[in-house]
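Colleague: Have a look at this one.
So, in C-alpha cells, the structure goes:
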C-alpha cells in the first residue's frame, strides 16, 4: 500500500522527455478575467470528460476552534444553490449517468464530475452556479452536520489506526496547522454554526482562488466559449491571502505512546522535512523522493527486501512522503512487527534505524536507481489510462501553489540527483531532533504492565 | 496498482497515513464495485429507445432553470467508444479475450482461474495462500529476483484470491525489450511456483496477522458474519482469508496440488487489452496456455440451500453499529439480472437520489453512507444493504431500511424513477469503458462467467425494455423476506441485555476481508 502511495504521490510528477514528447496530450492553460485559472487537456480515447474545480482552501486554513469548516462546507455544496434545491444537482447528474464526488484535504477542496462529453455544459453550469450562488440553508446544515459526525465516527473514532494517526499529527506538527484533523475535532463539529460556513464560503470560494481542470474528449475551441459563458459570469472578488503552513526546523524528539483497541501493535516515525513549495533548495525534495523510492518503491525496495523478507522482523513496513503539499511535510516510516517471531516495537524500530543508517553511510547503487527510474517511466504511461488521474495531478499541483508544467520538467530535476545527495538528505533530515515517534499498543498489553 | 497479497491488508492499515488527509464526500458509492459485465457493445449502435424521453421525464418537474439542460439532446444516446472485442480458445481449452488499444504503449494482461476460496474444501485459506505464493519463488528464482525482475522493467504484477476466483495480473510497457522479458517472467511465476518453505512460513504469518487485524474492524466482522449466516453449509460461507488452525497446517504438497489442479490451462481465462496486434495476442495467449499445467475446468460451485430469516448481534466496543441486511440473490447470467440491476439502482445502488440514501441520510442524517447491491456469482451471490450508524440509532435505521425495502418489493419503482434510471444506465455506459483497465476486467469477467461477447449490449437492450411491473415482479420473486438476514456489530443494545438470550454469537470468528457489499469476486 505504501507502494501505492508512492505511486500516487511521487511518481505522478515524473515524465522523461522522450516519452513526454511523444505521448503527452495537448494541454491548454489560461485565466479568465475574474481570475479563474483554466487548464484543458485533450484525451480522445473515449467520448468522456472529467471536469474538476479546485479551491485553495483546506483544513490548514482553519483557525483553532473551527476545525472541520472546509470539509463541512464541501458537504453543504451539495445542498442547493440559486436555481437548485438541495440534492437536486446530484439527482440531475445521476440521471445523466454522470459520476461525481468531492474531496477535502489540508490544502484544498475539490469537486468533480465524470460524464459523457456532450454533457459537459451541464457540469460547468452547475459548478459555476455554486461557485457564487450557494444557498447554505440552516435546516439542511443541521441534518448534514449529523452525517459529518457519523463520517467522523466511521473514519476516526471507530478506527483505532485512524485515531492513532490523528493524534500523531498533533505532535509531529508543533507549529504548522497540518496538526489539525481535516474532518475536524468532534467538539468543533458540535459547536459549528451555519454562519461560520457562510463566512468561510464568502472568504474562500472566489474565482481567483480556484482552478478549473478539464480532461477528456474535448477541443479548446468548443470548451472555451462554454467556460466563458458559465464561469465568466461569476463576479471577481479578492480572495483571502494564502498562508504557507510552516513547521519548526527541528522541534526536538517527541514520543507518543497510545494504548488503543487494536489487535496489532504499530510503530510510526515521522521526520519534519520540507516540501517542494517550502524548500529553498528544490534538489533536497527530489532527493527525498528518491530516498522514499529506494526504501519503499515496490516489493524489491529495501524495506520489503530486508525487513519483510531478509531478517523477517516486520509483517509490514513502508514509507510515506508527500513532496507536493502547500506547507512543510513529513517523511514517515511505519510498520507492524512480526508477532509470530516475537519481534517487539523496539526491535522493529532498531531494524528501521539500521536501514536509515545504512543509506546515510552508503549511497544507493546504480542498479537501485535504474529500477526506480524504470518504474517512473512506466508509471508515466500507465497514469494516462485514466482521465481522472491526469486531472487530479494537474489540480493538486496547482492547488499547492506549484505549476502543472512541473510534470514535464520533473524528469530532469530527478535525473540531476546524485546517489550521494540521497545519502545527504537522509543524514540531514532523518535525525532524532526532527522525529516524532508513536507506538500503538493493544489495550491488553497495558493491563499486563 | 495495488498488490493484493494478504498483507496488503496490513499495508492498508498504514495507508491511513495517506488517506487520513483526504476525505471524500462519498456521493456515489457503487453498490458492488464489481467487474459487473456491464456491457461492452461492439459498436456504437444506439440501444433501442422506443419513446424519446423529455427532459421533465428524466430530470423531474419542474425543471431547474439551467440553459445547459434545455440544450441537451436526450433522444440520442451518449456517444460510445467503438470496442472491437475478440474471443478464441487455445488448444488446451483456455478461453482468450482480446481488444486492441493502440493509444498508449502498454498492455494489460489478466488471468482468472476458477481457483477461489470456494475450492478450499476442508482447508480454509488454501486458495488465498496458493495465490499469494505465486510470486514468492520458482525453482530458480527467489522472491527478490521476481520482485526486482518485474520492477526493473517497470512492469506491475498483482494477484488476489476471492470466493469464486484466483486472479493474476500484469501491466507492462509494450516496447519489446520490456514486454518480452516481463511476459517470460510472468509465465514462469504463474506456471512454476516452487512454494519455498521460507516463503510459505512468511506469507502464512502475514495471513495470520491479517486475520488478527480483521478483529479490530467491525465492518470485517459484520461481513464475515453475514456470509457465514447466509451460506451455512456452502463454500461461500467460509472466509477466503482462512482460519488460523487451518493455515498453520497447510503443507507445501497441499499448495502444489491446489496449483496443479486449479491453475490449469483448461481452468483459465486470459484477457488482453493493449497495444499488440491479433497475431501477437494469439502467440502470447498460446505461450501462457502452454506454460500452465494441463487440466480441465473445475466443476461449477453448487447452489446453496436457502436459509430462514434471522437476526444476529455481535458485541463490539465502538460508537457506531455496522448493519448489513440481505439474503441470497442471483448467479451470473440470471435472466432477471437486468431487472434487478435497474431496480437496485433506484433502491440504493446509485448514491444520492436512490431511495435508501434519501430515507437514511438525506431525510434523517442517520448515516454517512448507505447502499444496496446484488453480487451475482457463480452460485447465487448475496443481495445486501449496508450502513453504519451511531449505535443508539440502530433500531431506527433498521426500521427505515426494512420499510424502504418492503415498500419497493411491494410496489416497485415509480414510472418517473424508471425513466430516470434507464437514462442513468445509458449515460454511465461510456464511463465504464473509458480505460484499458476497466475493459480488461470486464472482458475477463465475461469469460469467467461464460457470458456472451455482446453481453454489454444485450444488457443495455434489456434494461431499456423493462417495465415497472417486471422490476416489481423480479424483486418480489428474489427477495422473499422469509429469507432476510440481519447482522449488527456494535455495542450491545439495552433491550437485548434486558431480555438476554440470543446475543453475540461467536464474535471471535475471523471476519471476511471485504465489506459484504464488496465481495472481491467482481473486483478484478
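Protein chains in written order, with the UniProt record's numbering: chain A, 1 to 449; chain B, 1 to 524. Virtual Cβ for every residue (Gly too), placed ideally from N, Cα, C.
#1: Pick from B:153, B:453 and B:245: whose alpha carbon is nearest that of residue 377 of chain A?
#2: Is residue 12 of chain A buried or exposed, if buried means 16 or more other CB atoms sit within 10 Å of its CB?
#3: Run through the DSSP bridge pairs and tell me what residue 161 of chain B is partnered with.
#4: Between A:368, A:316, A:262 and A:322, which has its C-alpha nearest residue 351 of chain A's C-alpha?
#5: Could you list which residues in chain B have their beta carbon closer than 9 Å to that of residue 299 of chain A, in chain order?
#6: With DSSP collapsed to three states, give me the class of residue 86 of chain B.
#7: Ordered along the chain, which non-local residues of its own chain (more than five positions away) have a Cβ less than 8 Å from that of residue 121 of chain A?
#8: Along the segment 93–117 of chain B, what residues have a CB closer than 7 Å to any CB found in chain A?
#9: What residue range does the beta strand (DSSP E) around residue 469 of chain A cover?
#10: Provide the residue span of the alpha helix (DSSP H) that contains residue 185 of chain A, from first to last.
#11: With distance defined between alpha-carbon atoms, name the residue in A:438, A:103 and A:175 nearest to residue 267 of chain A.
#12: For residue 203 of chain B, which residues of its own chain have a beta-carbon under 7 Å away from its beta-carbon, when the five flanking residues on both sides are left out?
#13: Looking at the unbroken beta strand (DSSP E) that takes in residue 598 of chain B, where does it start and where does it end?
#14: Could you tell me the distance, in whole angstroms, from the CA atom of residue 378 of chain B to the CA atom of residue 369 of chain B?
#15: Over the uninterrupted beta strand (DSSP E) stretch that includes residue 110 of chain A, give me the two end residues.
#16: Just the chain A side, please: which residues come within less than 8 Å of residue 215 of chain B by C-beta, in chain order?
#17: Quick test of your reading: residue 391 of chain B and residue 491 of chain B, contact by CB under 8 Å. State the CB separation rounded to the nearest angstrom.
#18: Within 8 Å of any Cβ in chain B, is that where the Cβ of residue 451 of chain A sits?
#19: Taking Cβ-Cβ distances shorter than 7 Å, what residues in chain A pair up with residue 171 of chain B?
#20: How is residue 144 of chain B classed by DSSP in three states: helix, strand or coil?
#21: Secondary structure at residue 168 of chain A, three-state DSSP: helix, strand or coil?
#22: For a test of the three-state rule: what should DSSP assign to residue 439 of chain A, helix, strand or coil?
#23: Between B:477, B:488 and B:453, which has its C-alpha nearest residue 85 of chain B's C-alpha?
#24: Please confirm if residue 206 of chain B has its CB atom under 8 Å from at least one CB of chain A.
#25: Exposed or buried, what is residue 47 of chain B when buried is set at 16 or more other beta-carbons lying within 10 Å of its beta-carbon?
#26: Can you confirm whether residue 146 of chain A, when its beta carbon is compared against all beta carbons of chain B, has any partner nearer than 8 Å?
#27: Let me see if you follow: with CB-CB separation under 8 Å, is residue 64 of chain B close to chain A or not?
#28: Within the 8 Å Cβ cut-off, does residue 252 of chain B reach chain A?
#29: Looking at the C-beta of residue 447 of chain B, does it have a partner C-beta in chain A at a distance below 8 Å?
#30: Where do the ends of the beta strand (DSSP E) carrying residue 210 of chain A lie?
#31: Give, in chain order, every residue of the segment 381–413 of chain B whose Cβ lies closer than 8 Å to some Cβ of chain A.
#32: If we ignore side chains and look at the alpha-carbon of each, how far apart do residue 110 of chain B and residue 463 of chain B end up?
#33: Between the segment 70–81 of chain A and the segment 181–190 of chain A, are three or more C-beta pairs nearer than 8 Å?
#34: Please list, in chain order, the chain A residues whose beta carbon lies closer than 9 Å to that of residue 72 of chain B.
#35: Is residue 217 of chain A closer than 8 Å to residue 48 of chain A when the C-beta atoms are compared?
#36: Report the option in A:379, A:291 and A:313 whose CA atom is closest to the CA atom of residue 427 of chain A.
Modeller: If we stick to the structure as given:
#1: Here residue 377 of chain A refers to the residue found at position 377 when the first chain is read from its first residue. The candidate whose alpha carbon is nearest that of residue 377 of chain A is B:153.
#2: Here residue 12 of chain A corresponds to residue number 12 of the first chain, with the count starting at 1. Only weak support is given to the placement of residue 12 of chain A: the predicted model assigns it a pLDDT of 30, under 50, and the question is left unresolved by the model.
#3: The sequence position of residue 161 of chain B within the second chain is 161, counting from 1. DSSP, once it has assigned bridges, lists B:166 as partnering residue 161 of chain B.
#4: By 1-based counting over the first chain, the position of residue 351 of chain A is 351. Checked all of A:368, A:316, A:262 and A:322; the closest Cα to residue 351 of chain A is A:316.
#5: Along the first chain, read from residue 1 onward, the residue named residue 299 of chain A stands at position 299. Correct list: 3, 5, 135, 143, 144, 146, 147, 148, 150, 151 and 157.
#6: Position 86 of the second chain, counted from the start, is the residue given in the question as residue 86 of chain B. In this structure, residue 86 of chain B counts as strand in the three-state DSSP scheme.
#7: As a working mapping, residue 121 of chain A is identified with position 121 in the first chain. Correct list, in chain order: 226 and 230.
#8: 103, 104, 105 and 106
#9: Nothing can be reported for residue 469 of chain A: it is not among the residues displayed for chain A, which extend from 1 to 449.
#10: Reading the first chain from its first residue, position 185 is the one you call residue 185 of chain A. Counting along the chain, residue 185 of chain A falls outside any alpha helix (DSSP H), and DSSP gives it neither H nor E.
#11: Stepping through the first chain from its first residue, residue 267 of chain A is reached at position 267. With distances taken between Cα atoms, residue 267 of chain A lies closest to A:438.
#12: Sequence index remark: in the second chain, residue 203 of chain B carries index 203 (1-based). Answer for residue 203 of chain B: 6, 129, 132, 133 and 136, listed in chain order.
#13: Summary: the structure shown does not reach residue 598 of chain B, with chain B confined to residues 1 through 524, and so no result is reported for it.
#14: As a working mapping, residue 378 of chain B is identified with position 378 in the second chain. As a working mapping, residue 369 of chain B is identified with position 369 in the second chain. Straight-line Cα distance between these residues: approximately 28 Å.
#15: Here residue 110 of chain A corresponds to residue number 110 of the first chain, with the count starting at 1. 109–116 is the span of the beta strand (DSSP E), which, as asked, contains residue 110 of chain A.
#16: Taking the second chain and counting its residues from 1, the one referred to as residue 215 of chain B is at position 215. Under the 8 Å cutoff, chain A gives 263.
#17: Stepping through the second chain from its first residue, residue 391 of chain B is reached at position 391. Stepping through the second chain from its first residue, residue 491 of chain B is reached at position 491. Residue 391 of chain B to residue 491 of chain B, Cβ: 5 Å. Contact.
#18: Beyond the ends of chain A as shown, which are 1 and 449, falls residue 451 of chain A; an answer cannot be given.
#19: Numbered from 1 along the second chain, position 171 holds the residue referred to as residue 171 of chain B. Simply 382.
#20: Working through the second chain from its first residue, we reach residue 144 of chain B at position 144. Helix at residue 144 of chain B.
#21: Here residue 168 of chain A is taken as the residue at index 168 of the first chain, counted from 1. Residue 168 of chain A falls in the helix class under three-state DSSP.
#22: On the first chain, position 439 is the one that residue 439 of chain A refers to. Residue 439 of chain A falls in the strand class under three-state DSSP.
#23: The residue you call residue 85 of chain B lines up with position 85 of the second chain. Among B:477, B:488 and B:453, the Cα nearest to that of residue 85 of chain B belongs to B:453.
#24: In the second chain, counting from the first residue as 1, residue 206 of chain B sits at position 206. Yes, because at least one Cβ of chain A sits closer than 8 Å to the Cβ of residue 206 of chain B.
#25: Residue numbering aside, residue 47 of chain B sits at position 47 when the second chain is read from its first letter. Confidence in residue 47 of chain B is poor, its pLDDT being 40 and thus under 50, which makes the residue's placement unreliable; the coordinate value appears in the next sentence. With 16 or more Cβ atoms within 10 Å of its Cβ, residue 47 of chain B is classed as buried.
#26: Locating residue 146 of chain A in the first chain gives position 146, counting from the first residue. Residue 146 of chain A counts as touching chain B.
#27: Position 64 of the second chain, counting from 1, holds the residue named residue 64 of chain B. Interface residue, yes.
#28: On the second chain, residue 252 of chain B is found 252 positions in, with the first residue counted as 1. So, not an interface residue.
#29: To locate residue 447 of chain B, count along the second chain from 1; it is residue 447. Cβ-Cβ to chain A under 8 Å: no for residue 447 of chain B.
#30: Counted from its first residue, the first chain places residue 210 of chain A at position 210. Residue 210 of chain A -> beta strand (DSSP E) spans 210–216.
#31: 388, 389 and 390
#32: As a working mapping, residue 110 of chain B is identified with position 110 in the second chain. As a working mapping, residue 463 of chain B is identified with position 463 in the second chain. Roughly 28 Å between the two C-alpha positions.
#33: yes
#34: Along the second chain, one-based indexing puts residue 72 of chain B at 72. Those are 96, 118, 119, 121 and 122, listed as they occur along chain A.
#35: Position 48 of the first chain, counted from the first residue, corresponds to residue 48 of chain A. Position 217 of the first chain, counted from the first residue, corresponds to residue 217 of chain A. Taking 8 Å as the Cβ cut-off, residue 48 of chain A and residue 217 of chain A qualify as a contacting pair.
#36: Position 427 of the first chain, counted from the start, is the residue given in the question as residue 427 of chain A. Per the Cα distances, A:291.
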